[in-house]
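Take a look at the structure set out below.
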């Protein structure tokens, strides 16, 4: 069981996959819902403070050391800026909604990147992201439970 908990946590840390992939992964590996949810939520949240605190420095370093990555970094920043319109309009609630929607291009990684690009401090961004991840966990759990009952 510990192996499946760790795997669920790790899968949930992967960008794009995040909780929306990690939670069903844990459940299909036989973890009880409560354990799978806990592992997926924790795994999804682990990268958040590091992204908010260090992504700007990482981008600056990469631009300096590997100029060929400029286009990719600029695209990521532009995407975050575009997603940031919701956050700028609704503040913490907007960030929470952005993270809570369990679709590609949303989630904790995107929320943390948007917070970093917009200069939102960790102290203000973290509660909104945590609540968004918990809402996403409820949605994904509901969908996963329904799908597993059908199958």
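Numbering (the working numbering), first residue to last: 465 to 615. Here a beta-carbon is modelled for each residue, glycine too, at the ideal position from N, C-alpha and C. All of these numbers come straight from a predicted model, not from anything done at the bench.
Sub-7 Å separation of residue i and residue j beta-carbons
{"i": "residue 494", "j": "residue 473", "result": "no"}
{"i": "residue 563", "j": "residue 603", "result": "no"}
{"i": "residue 578", "j": "residue 505", "result": "no"}
{"i": "residue 526", "j": "residue 533", "result": "yes"}
{"i": "residue 608", "j": "residue 496", "result": "no"}
Cα-Cα separation, residue i to residue j
{"i": "residue 499", "j": "residue 490", "result": "8 Å"}
{"i": "residue 426", "j": "residue 549", "result": "Residue numbering for the chain in the displayed model covers 465 to 615; residue 426 lies beyond these limits and cannot be assessed."}
{"i": "residue 465", "j": "residue 510", "result": "21 Å"}
{"i": "residue 469", "j": "residue 575", "result": "25 Å"}
{"i": "residue 530", "j": "residue 544", "result": "21 Å"}
{"i": "residue 485", "j": "residue 554", "result": "27 Å"}
{"i": "residue 610", "j": "residue 589", "result": "32 Å"}
{"i": "residue 606", "j": "residue 546", "result": "29 Å"}
{"i": "residue 524", "j": "residue 475", "result": "28 Å"}
{"i": "residue 471", "j": "residue 580", "result": "28 Å"}
{"i": "residue 595", "j": "residue 601", "result": "10 Å"}
{"i": "residue 551", "j": "residue 557", "result": "7 Å"}
{"i": "residue 477", "j": "residue 542", "result": "23 Å"}
{"i": "residue 528", "j": "residue 561", "result": "34 Å"}
{"i": "residue 570", "j": "residue 492", "result": "23 Å"}
{"i": "residue 537", "j": "residue 565", "result": "24 Å"}
{"i": "residue 467", "j": "residue 481", "result": "19 Å"}
For residue i, the nearest candidate out of the options (CA to CA)
{"i": "residue 587", "options": "568, 598, 546, 513", "result": "513"}
{"i": "residue 572", "options": "583, 521, 528, 599", "result": "599"}
{"i": "residue 483", "options": "502, 528, 580", "result": "502"}
{"i": "residue 591", "options": "582, 601, 580, 559", "result": "559"}
{"i": "residue 520", "options": "595, 585, 601", "result": "585"}
{"i": "residue 583", "options": "515, 467, 479, 566", "result": "515"}
{"i": "residue 567", "options": "538, 522, 479", "result": "479"}
Residue-chain proximity (residue i, chain D), Cβ-Cβ < 7 Å
{"i": "residue 588", "result": "Of the protein chains in the structure, only one exists, and it is not chain D."}
**Study point:** 4 or more residues per run - each alpha helix (DSSP H) lying fully within the region 512–589
**Key:** 534–564, 572–582
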